[in-house]
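Colleague: Under the numbering used here, think of the first position of the sequence shown as 701, with each following residue one higher. Cβ atoms here follow ideal geometry from the backbone N, Cα and C, with glycine treated the same way. Treat the numbers as computed from the prediction; the structure is a model and nothing was measured.
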Amino acid sequence: MPERVRTFSWRRPTVLWRSRNDVVARLWGDPSNELRQRAVAALAERGAPGSLTMHRPEREFSFIVMGDTGEGDRSQYAVVPPLLSVGADTDFLVIASDVIYPTGDTGDYEDKFFRPYAGYPGPIYAVPGNHDWYDGLRGFLNVFCHFDMDCTPSWPGRSAWLARRLWRRSGEVDAARLAEVRARYRGAPRQRAVQPAPYWAIDTPTLRIIGIDTGIRGGMDEEQGRWLRGVSAGPKPKLLVTGKPLVVEDMVHPDPIAGGGTVDEIVRDPANNYVAAIGGDIHNYERYPVKVGRRTLQYVVSGGGGAFMHATHIIPRTTVVDESEFRCYPLRGDSLSRYSQLYGRWFRMPWLFDLTPKEATAAVEQRLGIKAARRYEDGEVSLRARFVAAALGVPRGKRPRWRIRRLPVKRIPQRFRSEMADWDSPPFFKSFLRLDVTETELRVRCYAVTGCGDHENAPPVEDEFVIPLA
701 MPERVRTFSW RRPTVLWRSR NDVVARLWGD PSNELRQRAV AALAERGAPG SLTMHRPERE
761 FSFIVMGDTG EGDRSQYAVV PPLLSVGADT DFLVIASDVI YPTGDTGDYE DKFFRPYAGY
821 PGPIYAVPGN HDWYDGLRGF LNVFCHFDMD CTPSWPGRSA WLARRLWRRS GEVDAARLAE
881 VRARYRGAPR QRAVQPAPYW AIDTPTLRII GIDTGIRGGM DEEQGRWLRG VSAGPKPKLL
941 VTGKPLVVED MVHPDPIAGG GTVDEIVRDP ANNYVAAIGG DIHNYERYPV KVGRRTLQYV
1001 VSGGGGAFMH ATHIIPRTTV VDESEFRCYP LRGDSLSRYS QLYGRWFRMP WLFDLTPKEA
1061 TAAVEQRLGI KAARRYEDGE VSLRARFVAA ALGVPRGKRP RWRIRRLPVK RIPQRFRSEM
1121 ADWDSPPFFK SFLRLDVTET ELRVRCYAVT GCGDHENAPP VEDEFVIPLA
């Protein structure tokens, strides 16, 4: 890390104020579609290929996928040693959503992107998340597309005068400074990469990787929808990388396309032959192997690249897939244990709230009516553990006879609890994916990042699965 860095915290009012464009977009409409169309048109004039596709000749290759990286604090930098250990021989890296927090400014990229990943030997591509859009995507375009433009929304109509006043404009871009930083940290020939647009495709003889831009609120404009349908056609196996996961926390988010249809419809269409969809935005790991006809589609959440952890113990007993097929990291019991310790510290009542992983796992099993992925021999559930599980938001597998009012963990009006609970000491519960492609299969492994020294060079594998490509 830099010698002097201000600790990143969502409890700081200035950070929340800088992120106000999220609220503006929800009240007056998401300007991402307009700005994206303007950027793609300008990039096409500059010479970007019409298919926005990058071609690679390898039939067998490996790459890394991780999402939601750039808070610039200890939890982000803790990911770097395991990443470099596991990914040293991979061909490229893809960041799925929210490269830079809180607002994607160009000036933040030095310590939140270039410095931490200076040692990664291959090129890095990205799809933007909602936080990258809070400066109108100007920083993202400069870093990944080597392109600058005025990213101020037009906000037509008199009714939008307040939106024009409240919208946080993008910071100034110091082109000379950016070039210096790029050359200092990631200036090796193999590291250099220019992606054609905020959304793109990487085509290889065995697999096509397609990255889409879902703006601030999710969904996409009609122009990107036509492009997605075009690059998705055909029998070649495909992998989708998106800033918003299509399935997360046991809920399906199809991602609407302006003019009709959804992203999920395209993914599920057997003629397009998608094998998996990986999204960031939610800061944990989740996997849902969904049966679609005779196929199994792997819906994956991979948002553990460095930002604060979203709780997994609030995920209900799954209905999108059978609970026995669902995977997550951290495990629900570990998530509940960690949050119980945080509440014990905040309320100065550790004697009431603190649960060991063993106690928390037993409480999750009892409350959800499931068998945990990691079990303990003696799984008795105390009344105290039941209270803490109920208070911290573990759902009931069945309708409860009585209800404890939940303390703030995730959902409205408690939706910012995870953000406010960000911590900078191990265990971090971060993660990233390594994907190995051969002519017959795609092997995916989820590596855990704990922040503990003995895991830096040999991070544990929390989940592993293989997808046939034939």
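Going along the chain, which unbroken runs of the alpha helix (DSSP H) with 4 or more residues stay wholly within the segment 928-961?
Modeller: Within the segment 928-961, no complete alpha helix (DSSP H) run reaches 4 residues.
Colleague: Using C-beta distances below 8 Å, list every residue in its chain close to R1106, excluding the 5 sequence neighbours before and after it, in chain order.
Modeller: Confidence in R1106 is poor, its pLDDT being 49 and thus under 50, which makes the residue's placement unreliable; the coordinate value appears in the next sentence. So the list reads A1090, A1091, L1092, G1093 and Q1114, once near-sequence residues are dropped.
Colleague: Smallest Cα separation from P675: which of R929, F1129, L837 and G770?
Modeller: What is shown of the chain runs 701 to 1170, which leaves residue 675 out entirely.
Colleague: Taking buried to mean at least 16 other C-beta atoms within 10 Å of its own C-beta, is K991 buried or exposed?
Modeller: With fewer than 16 other Cβ atoms within 10 Å, it is exposed.
Colleague: In the DSSP assignment, find the alpha helix (DSSP H) that holds P782 and state where it starts and stops.
Modeller: V780 to G787 is the extent of the alpha helix (DSSP H) around P782.
Colleague: Given this structure, state the Cα-to-Cα distance separating S762 from T790, to the nearest angstrom.
Modeller: Those two C-alpha atoms are separated by around 5 Å.
Colleague: Pick helix, strand or coil for D1034, following the three-state DSSP scheme.
Modeller: The answer is helix: DSSP assigns D1034 an H, G or I state.
Colleague: Under 8 Å, Cβ to Cβ, is there at least one residue of chain D near I966?
Modeller: You won't find chain D in this structure, because it holds only one protein chain.
Colleague: Suppose you measure from the CA of M701 to the CA of A741; what does that come to, to the nearest Å?
Modeller: Roughly 38 Å between the two C-alpha positions.
Colleague: Rounded to whole angstroms, what is the Cα-Cα separation between E922 and P956?
Modeller: E922 and P956: Cα-Cα distance of roughly 10 Å.
Colleague: Is Q776 helix, strand or coil by DSSP?
Modeller: Correct three-state label for Q776: helix.
Colleague: Which first and last residues belong to the alpha helix (DSSP H) in which I966 is found?
Modeller: I966 -> alpha helix (DSSP H) spans V963 to R968.
Colleague: Can the beta-carbon of L692 be found less than 8 Å from the beta-carbon of V975?
Modeller: Coverage of the chain is limited to positions 701 through 1170, which leaves residue 692 absent and any answer about it impossible.
Colleague: Among the candidates P1050, P782, L862 and G1004, whose CA atom is the shortest distance from the CA of V723?
Modeller: Ranking P1050, P782, L862 and G1004 by Cα distance to V723 puts L862 first.
Colleague: Nearest-angstrom Cα distance between R712 and E1119?
Modeller: Straight-line Cα distance between these residues: approximately 11 Å.
Colleague: Runs of 3 residues minimum, wholly inside the segment 788-866: which ones carry the beta strand (DSSP E) assignment?
Modeller: Runs of the beta strand (DSSP E) inside the segment 788-866: 792-796 and 824-827.
Colleague: Is there contact here, the segment 968-984 with the segment 944-951, by at least three beta-carbon pairs under 8 Å?
Modeller: They touch, by the three-pair rule.
Colleague: Since P828 and F840 are thought to touch, with beta carbons under 8 Å apart, how far apart are those beta carbons, to the nearest angstrom?
Modeller: So it is a contact: roughly 5 Å between Cβ atoms.
Colleague: Using the Cα positions of P989 and M951, report the straight-line distance between them to the nearest angstrom.
Modeller: C-alpha separation (whole angstroms): 13 Å.
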